[in-house]
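Residue numbers (the numbering used here): 5 to 352.
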């Protein structure tokens, strides 16, 4: 038994090491931090209620996540503009677990209308009025934003080819100006939230020009210790106009470590590349999907005292299920997706 556990541990460690070779370790570290922010905000009281810190921390976690998503999407498409393959990989990354959890949730709830089913299965539950998100699937709004964004960006690339990348900053700044015009600080409606993803796209475009000394000097001299409080401030519901700068504060935060990846002795590289954060980043998607519904199950039921007494058990179940999903369910879909590469020629 001990040998099997050790073999599994070594296999998992090697798997994480292999992933790290072809990725940006510092960004994966931020991904791990972003999901920890979201879990903390959803599951624990972060100060007196009137301080509204739970909202600020949750929005901070999501803006970091959306920035990372925009960076990843743009980086992938800059390397290969094969849209069918891109959509296939994104579909296989998101849909298998999302649909499985929807099926389990709605079959458990009973009496769920076909309209609610369809709006969740096709990721437009946040785009109809009234929204069809339930308490158990309230966190699916971000998946809706993601999937709708994929369709927009791929449509731009299909129509404008490589020139589509020049439009991404325009769309991003335009989305922010639209928020300013309508006075929207934060919401879960896609067109008011897309600027957080577009900001990540802008970061990817800047990083593609990382040999530009001006860009590199600006980002490499930014301090994440200073920037993180600005992201938190701009994520607070009482921050007023500061909220419009949230996507770009987050972009600068990620860029401050991204542009220092090759810098020896940079302490943030060591922190963000730690095995624990890399592991949490790897299972972050499953953590996000699974925790949302379970907090409304028996594990999250009862009076205030009882709910918080159950929190360690809830977290343990969430992490175990997320681990199993990531390495023994989602992994099969992603591996199959990679095997389909040969049928989709690279488009540069």
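Glycine is no exception: its CB is placed at the ideal position from the N, C-alpha and C atoms.
Report yes if the CB atom of residue 257 is closer than 8 Å to the CB atom of residue 235, and no otherwise.
yes
Same chain, Cβ closer than 8 Å to residue 291, neighbours up to 5 away in sequence not counted
39, 43, 284, 322, 323 and 326
Please report the residue range of the alpha helix (DSSP H) in which residue 180 lies.
168-186
Could you tell me the boundaries of the alpha helix (DSSP H) in which residue 287 lies?
Counting along the chain, residue 287 falls outside any alpha helix (DSSP H), and DSSP gives it neither H nor E.
If the criterion is Cβ atoms closer than 8 Å, does the pair residue 341 and residue 101 meet it?
no
Just the Cα atoms here: how many angstroms apart are residue 347 and residue 183?
41 Å
Do you know whose CA, among 125, 263 and 242, lies nearest residue 227's CA?
263
Pairs of beta-carbons, one from the stretch 79-96 and one from the stretch 47-67, closer than 8 Å: are there three or more?
no
Relative to the alpha-carbon of residue 145, which residue among 311, 106 and 303 has its alpha-carbon at the smallest distance?
106
Does the stretch 153-173 come into contact with the stretch 130-141, if we say contact requires no fewer than three beta-carbon pairs (one atom in each stretch) closer than 8 Å?
no
Continuous alpha helix (DSSP H) assignments of at least 4 residues falling wholly in the stretch 188-247:
194-197, 199-212, 217-224 and 228-239
Residue environment, residue 181, which counts as buried when at least 16 other CB atoms sit within 10 Å
exposed
Can you tell me whether DSSP reads residue 159 as helix, strand or coil?
helix
For residue 353, which of helix, strand or coil comes out of DSSP?
This structure gives no information on residue 353, because the portion of the chain shown stretches from 5 to 352.
Specify whether the stretch 112-124 and the stretch 164-172 touch according to this definition: at least 3 beta carbon pairs, one from each stretch, less than 8 Å apart.
no
Please list, in chain order, all residues of the same chain as residue 57 whose beta carbon is under 7 Å from its beta carbon, the five residues on each side excluded.
50 and 51
Helix, strand or coil at residue 118 [DSSP, three-state]:
helix
Would residue 133 be called buried (16 or more neighbouring beta carbons within 10 Å of its own) or exposed?
exposed
If you compare alpha carbons, which of 216, 208 and 237 is closest to residue 189?
237
Touch test, the stretch 265-276 against the stretch 309-318, Cβ-Cβ under 8 Å, three pairs minimum
no
Which term fits residue 211, buried or exposed, when burial requires 16 or more other beta carbons within 10 angstroms of its beta carbon?
buried
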